[in-house]
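Chains as they are written, first to last, in the numbering used here: chain A, 909 to 1020; chain H, 3 to 113. Positions of the beta carbon are idealized from the N, C-alpha and C atoms, including for glycine. Presented below is the structure to which this report refers.
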């Protein structure tokens, strides 16, 4: 089964609203990353948070990590229609070398 | 700056035919290289990864194989395609153990 699971699977909001996506994982991790994928395209790295960090910001993105609950959240503030995409969390598991394990993704639609 | 290329962008192949997808990286040396497959509307499944020339690790047993004949070239192959091989194939590279950088992908349809 997948290491990371995103919730919700799909999210539809109006432009200007905030979007929150969650990711849960099962084993201890070295870091957790969020990626974005526009339809039919490759993934683009958004942000990385390490296991000893609790919160990180990048522009309109805010990521939190709770290692006790094995969960992370991605918040996109003041969403725009251009934020419409699928968002994936990926975990680098301790002692698993260079591999990332991806979740199933959240499909975000931002309506203008 | 580093760039990653994949080709072809789209491919339609009959069942039982061979496959060769190519991925090349420019602007870096000794990258970690990865092949993923993504089913429609789903997450990514790691197929192969390589930490150096000729070094391939397989994550999922199947009728696909990978090779790394040069430092910045990663090839995904099959001798006989199955219907279940249809999907979106993504190549990625990483300079270290953290961020991965993805190519544009190849859409494979097996009929």
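Of all the residues that make up the region 44-78 of chain H, which are near chain A by a beta-carbon distance shorter than 9 angstroms?
Here the close residues are 44, 45, 46, 47, 48, 51, 53, 59, 61.
Are any of the Cβ atoms in chain H nearer than 8 angstroms to that of residue 909 of chain A?
In this prediction, residue 909 of chain A has a pLDDT of 41, which is less than 50 and means its spatial position is unreliable; what the coordinates show is noted afterwards. Chain H, which has no Cβ nearer than 8 angstroms to the Cβ of residue 909 of chain A, makes this no.
As a quick exercise: from H/22, H/44, H/13, pick the residue whose alpha carbon is nearest that of residue 917 of chain A.
Per the Cα distances, H/44.
Please state the DSSP three-state secondary structure of residue 67 of chain H.
Three-state DSSP puts residue 67 of chain H in a strand.
Do residue 95 of chain H and residue 10 of chain H count as a contact pair if the criterion is CB distance below 8 angstroms?
Between residue 10 of chain H and residue 95 of chain H, the C-beta gap is not smaller than 8 angstroms, which leaves the two residues out of contact.
Thinking just about the alpha-carbon of each residue, which of A/933, A/929, A/935, A/958 is nearest to the one in residue 944 of chain A?
Cα-wise, what sits closest to residue 944 of chain A is A/929.
Taking the beta carbon of residue 98 of chain H as the centre, do at least 16 other beta carbons fall within 10 Å, making it buried, or is it exposed?
Flag for residue 98 of chain H reads exposed.
With 7 angstroms as the limit, tell me which residues of the region 916-933 of chain A have their beta carbon closer than that to any beta carbon of chain H; keep them in chain order.
For the region 916-933 of chain A, no residue has a beta-carbon sitting nearer than 7 angstroms to a beta-carbon of chain H.
Roughly how many whole angstroms lie between the Cα atoms of residue 66 of chain H and residue 107 of chain H?
Answer to the nearest angstrom: the Cα atoms are 17 angstroms apart.
Could you give the residue range of the beta strand (DSSP E) that holds residue 938 of chain A?
From DSSP, the beta strand (DSSP E) with residue 938 of chain A extends over 937-945.
What residue does the beta strand (DSSP E) around residue 55 of chain H start on, and which one ends it?
For residue 55 of chain H, no beta strand (DSSP E) encloses it, and the DSSP letter there is neither H nor E.
Between which two residues does the beta strand (DSSP E) holding residue 853 of chain A run?
Only positions 909 to 1020 of chain A appear in this structure, which leaves residue 853 of chain A out of reach.
Are the Cβ atoms of residue 1013 of chain A and residue 914 of chain A separated by less than 8 angstroms?
One thing to note: residue 1013 of chain A has its Cβ within 8 angstroms of the Cβ of residue 914 of chain A.
Less than 8 angstroms between the C-beta atoms of residue 1007 of chain A and residue 48 of chain H, yes or no?
If you check the CB distance, residue 1007 of chain A and residue 48 of chain H come in under 8 angstroms.
What are the boundary residues of the beta strand (DSSP E) that residue 994 of chain A is part of?
Where residue 994 of chain A is concerned, the enclosing beta strand (DSSP E) starts and stops at 993-1001.
Length of the line joining the Cα atoms of residue 949 of chain A and residue 69 of chain H
Rounded to the nearest angstrom, the two C-alpha atoms are 24 angstroms apart.
Residue 34 of chain H touches chain A at which residues, Cβ-Cβ below 7 angstroms?
Those are 1006, listed as they occur along chain A.
With a cut-off of 8 angstroms on the beta carbons, I'd call residue 4 of chain H and residue 29 of chain H a contact; round off their distance for me.
About 4 angstroms; that satisfies the 8 angstroms criterion.
Looking at C-alpha atoms only, which residue of A/990, A/1018, A/997, A/992 is the closest neighbour of residue 973 of chain A?
Distance from the Cα of residue 973 of chain A is smallest, within the candidate group A/990, A/1018, A/997, A/992, for A/997.
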